[in-house]
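In my numbering, the protein residues as written are 309 to 940.
The beta-carbon is built from N, C-alpha and C at its ideal position, and this holds for glycine as well.
In this text the structure is predicted, and so the values were computed from the model without any measurement.
Some notes on the structure that comes next.
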Ligand code: COA
Ligand code: AMP
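The following block contains the structure:
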């Protein structure tokens, strides 16, 4: 799938000048049931629709076509689960049968094209099978990360209105077994929408009670099912919905279309990740995040790569050498993880002693995303592995990298702190408040000129209007990324911070509003602000600043609020810091100055707006952090 270009500049220019030709050629590498009428045509708004009139199936492209081409015995999935001491492999033929059976079981239950299926499973081959089986029958999957609590699940159930839930009986976090059934049952009790049934993949470590009503067993359902074929869907039909945090407490259901997404992923597997068919690709992420969707499941399988599915942590399962051990064992060629995972390893094994003795000769490059890679982490990784380390920038909304270093076409210089240059089809600019382009190296809002390339979300589920408000309204003709940074004189993009109140914890996005909604429900709390503050390991962690109601004394407030957020949002929020203050800094119109709180907490000089109501309120925050108070 390598293009004819050896020079990335030429390739990128071509992708912008003639998108029809560029993406049309890329899409020829996929298998279509019906060829498109137009490569790119108008959508309902300014977001174009890709490959209109075309029909294809994602599961067919990821699985069946490789079997038909004679690669059925090649390994599709390697499962490495140090937490269960399991290591197993599935060939493309086995994956085909499993998806055909699960598809058959779902079809028997009346599911078909356009129906939603919620998936609540840990990283496992079964989760991959679940996603592909949905795609096989044209159902739209929505995977929810295991670390979310019942209330968050319920919000997603009410929004996506799935007929069926595919679940594991438990997740395993290090030494902890986390039963999923009680969380799902609680979510069903909170949600208004009624799910027809839950199909559990039983795990020995923590089985579900299958005698409960509307509860089905994965093994027996699959055994009784007939095998179904892949059905063609429109290229513009949704493949999945994936919820992500926005500025409000209500998560956004990012909709991913089928044809444009597969075409974009197909280009990246070779152009960006430099991973030809037959090689092994490993994204140490989770199927619950966009990285997992694109690079544990669809991207590598589409390209006939073996994908590694890892159930464990970078450290402690069993040690900080697990990444290197798996890479050497399976001859991983391209490796993708979050900078926080590398920082975790670096903290435990600063000299990289655990790399010694591991044969990493197959490894070509390491790719980092999810949060900014701080230069010291990048350099440490480069020194340790002596391989290129690529920081690349993307979002749940985009589905693939907006900027990166296209190693499969041409390796550009690696500038620590930068996410390199825009990928094909992306035109990135930095704008000031008035919408004017800022000079090189000056900070501005990072935007993408419309039209967006294939793969980027065409809409939000049930919230078309919100899509326009969140991304398109701010600057006419541009997509607002929500990130700020600068572009240097060579066109290298530096993504530095969010412009909104989204918190990035260990590469995951959290909404400050969602946390504030929980804090505000505590009877002792009069006012609150949730702010992401710097953390050496996780990049940021959320901290709650609360003003208690007049006359209230509550020595347990920190414990209560920590427990509230864990119960309502989930452990993934990593909410462990609470500060009681007498007042919150606000503008005269009453807007809380979260940015100033964050700057003070991070030891930066706050950029205090002229509209601040009372500057003296900040003194308490200076004292709090000069004293390095950890919590009340
Ligand atoms: N199901 C249930 N709970 C989960 C979970 C899941 N799938 N994932 C995380 N949690 C829980 C953890 O057990 C932890 O709970 P605790 O407060 O009881 O300890 C909490 O959520 C926070 O988890 P995590 O952020 O994973 O922190 P950690 O301290 O356990 O591990 C790191 C720290 C750096 C090792 C870990 O954050 C990590 O591996 N990060 C990489 C993230 C990543 O791959 N991102 C991909 C985006 S590209
Ligand atoms: P998510 O949608 O959860 O993947 O989060 C996307 C957000 O994470 C982006 O908008 C950025 O704020 C941040 N992000 C992801 N990758 C990078 C990166 N390489 N550099 C800087 N920020 C990043």
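Practice prompt. Would you mind working out which of 590, 743, 647 sits nearest residue 671, comparing C-alpha positions?
Written response: With distances taken between Cα atoms, residue 671 lies closest to 590.
Worksheet item: With respect to the alpha helix (DSSP H) encompassing residue 904, which residues constitute its N-terminal and C-terminal limits?
Response: Looking at the DSSP string, the run of the alpha helix (DSSP H) that includes residue 904 is 902-909.
Worksheet item: Mind pulling the beta strand (DSSP E) runs of 3 or more residues that sit fully within the stretch 848-914?
Response: Taken in chain order, the whole beta strand (DSSP E) runs of length 3 or more contained in the stretch 848-914 are 885-888.
Worksheet item: Three or more beta-carbon pairs under 8 Å between the stretch 592-599 and the stretch 683-694, yes or no?
Response: Output reads no: the stretch 683-694 does not touch the stretch 592-599.
Discussion item. Tell me which residues share the same chain as residue 406 and place their Cβ nearer than 6 Å to its Cβ, disregarding the 5 neighbours each side in the sequence.
Written reply: Excluding positions up to five away in sequence, the list reads 437.
Worksheet item: With a Cβ-Cβ cutoff of 7 Å, do residue 561 and residue 551 count as a contact?
Response: Note that the C-beta distance between residue 561 and residue 551 is below 7 Å.
Worksheet entry | Every unbroken beta strand (DSSP E) inside the stretch 694-778 [3 residues or more] | Every beta strand (DSSP E) of 3 residues or more that sits fully in the stretch 694-778 is shown, in chain order, as 697-699, 736-739, 752-757.
Practice prompt. Would you kindly check if the distance between the Cβ of residue 835 and the Cβ of residue 855 is under 7 Å?
Written response: Yes, the Cβ-Cβ distance between residue 855 and residue 835 is below 7 Å.
Worksheet item: Is it true that the CB of residue 413 sits closer than 7 Å to the CB of residue 398?
Response: Result no, Cβ atoms of residue 398 and residue 413 do not sit closer than 7 Å.
Worksheet item: Tell me which same chain residues have a C-beta within less than 7 Å of the C-beta of residue 529, skipping the five on either side of it?
Response: For residue 529, same chain residues with a beta-carbon under 7 Å away, outside a window of 5 residues either side, are 413, 507 in chain order.
Worksheet item: Which term fits residue 310, buried or exposed, when burial requires 16 or more other beta carbons within 10 angstroms of its beta carbon?
Response: Note that residue 310 scores a pLDDT of 44, beneath 50, so its modelled location is shaky; the value from the coordinates is reported in the next line. Exposure of residue 310 is indicated by the presence of fewer than 16 other C-beta atoms within 10 angstroms of its C-beta.
Worksheet item: Which full runs of the alpha helix (DSSP H) of 4+ residues lie inside the stretch 371-416, going along the chain?
Response: Those alpha helix (DSSP H) runs which fall completely within the stretch 371-416 and span 4+ residues are 400-416.
Discussion item. Under DSSP, the alpha helix (DSSP H) around residue 925 begins and ends at which residues?
Written reply: Start and end: 925-934.
Worksheet item: Does the Cβ of residue 486 lie closer than 6 Å to at least one heavy atom of ligand 1?
Response: Yes - ligand 1 has a heavy atom lying nearer than 6 Å to the Cβ of residue 486.
Worksheet item: For ligand 1, is there a heavy atom less than 6 Å away from the beta-carbon of residue 863?
Response: Residue 863 Cβ: outside cutoff for every heavy atom of ligand 1.
Worksheet item: Whose CA, out of 679, 643, 627, lies closest to the CA of residue 660?
Response: Per the Cα distances, 627.
Item to complete: Give me the Cα-Cα distance between residue 708 and residue 606, rounded to the nearest whole angstrom.
Response: A straight line joining the alpha-carbon of residue 708 with that of residue 606 spans about 11 Å.
Item to complete: Could you give the DSSP three-state label for residue 575: helix, strand or coil?
Response: Here residue 575 sits in helix by DSSP.
Worksheet item: Which residues mark the beginning and the end of the alpha helix (DSSP H) in which residue 325 is found?
Response: Following the DSSP letters along the chain, one finds residue 325 inside the alpha helix (DSSP H) bounded by residues 316-325.
Fill in: Cα-Cα separation between residue 463 and residue 477, rounded to whole angstroms
A direct Cα-Cα distance of roughly 21 Å separates residue 463 from residue 477.
Worksheet item: Over what stretch of residues does the beta strand (DSSP E) that includes residue 837 continue unbroken?
Response: For residue 837, the uninterrupted beta strand (DSSP E) segment begins and ends at 833-843.
Worksheet item: For residue 469, which residues of its own chain have a beta-carbon under 7 Å away from its beta-carbon, when the five flanking residues on both sides are left out?
Response: Answer for residue 469: 424, 501, listed in chain order.
Worksheet item: Should residue 485 be labelled buried (16 or more other beta-carbon atoms within 10 Å of its own) or exposed?
Response: Burial call: exposed.
Worksheet item: Nearest-angstrom Cα distance between residue 427 and residue 435?
Response: Inter-residue distance for residue 427 and residue 435 is about 8 Å (C-alpha atoms, whole angstroms).
Item to complete: Consider the C-beta atom of residue 704 and the heavy atoms of ligand 2; say whether any pair is separated by less than 6 Å.
Response: Yes, the Cβ of residue 704 comes within 6 Å of a heavy atom of ligand 2.
Practice prompt. Could you tell me whether any non-hydrogen atom of ligand 2 is closer than 6 Å to the CB of residue 595?
Written response: Remark: the shortest separation between the CB of residue 595 and any heavy atom of ligand 2 does not fall under 6 Å.
Practice prompt. Please classify residue 377: is it buried, with 16 or more other beta-carbons within 10 angstroms of its beta-carbon, or exposed?
Written response: Around the CB of residue 377, fewer than 16 other CB atoms lie within 10 Å, so the residue is classed as exposed.
Discussion item. Closer than 8 Å is the cut-off here; do at least three beta carbon pairs connect the stretch 730-745 with the stretch 319-327?
Written reply: The stretch 730-745 makes contact with the stretch 319-327, as at least three CB pairs between them are under 8 Å.
Worksheet item: Does the stretch 841-858 come close enough to the stretch 876-890 that 3 or more CB-CB pairs lie under 8 Å?
Response: As far as the Cβ criterion goes, the stretch 876-890 touches the stretch 841-858, which means the pair count is three or higher.
Worksheet entry | For residue 800, three-class secondary structure by DSSP | In the structure shown, the three-state DSSP call for residue 800 is coil.
Discussion item. Under DSSP, the alpha helix (DSSP H) around residue 496 begins and ends at which residues?
Written reply: Note, residue 496: alpha helix (DSSP H), 489-498.
Worksheet item: For residue 387 versus residue 599, is the C-beta spacing smaller than 7 Å?
Response: No. Outside cutoff.
Worksheet item: Among 713, 861, 408, which residue has its Cα nearest to the Cα of residue 538?
Response: Selected option, being the one with the closest Cα: 408.
Worksheet item: For residue 764, which option in 418, 779, 752, 770 has the closest C-alpha, if you only look at C-alpha atoms?
Response: Among 418, 779, 752, 770, the Cα nearest to that of residue 764 belongs to 779.
Practice prompt. Give me whichever residues DSSP pairs with residue 674 in a beta bridge.
Written response: Looking at the DSSP assignment, residue 674 forms a beta bridge with 643, 697.
Practice prompt. Can you grab the Cα-Cα spacing for the pair residue 821 / residue 789, in whole Å?
Written response: Going by C-alpha positions, residue 821 is about 19 Å away from residue 789.
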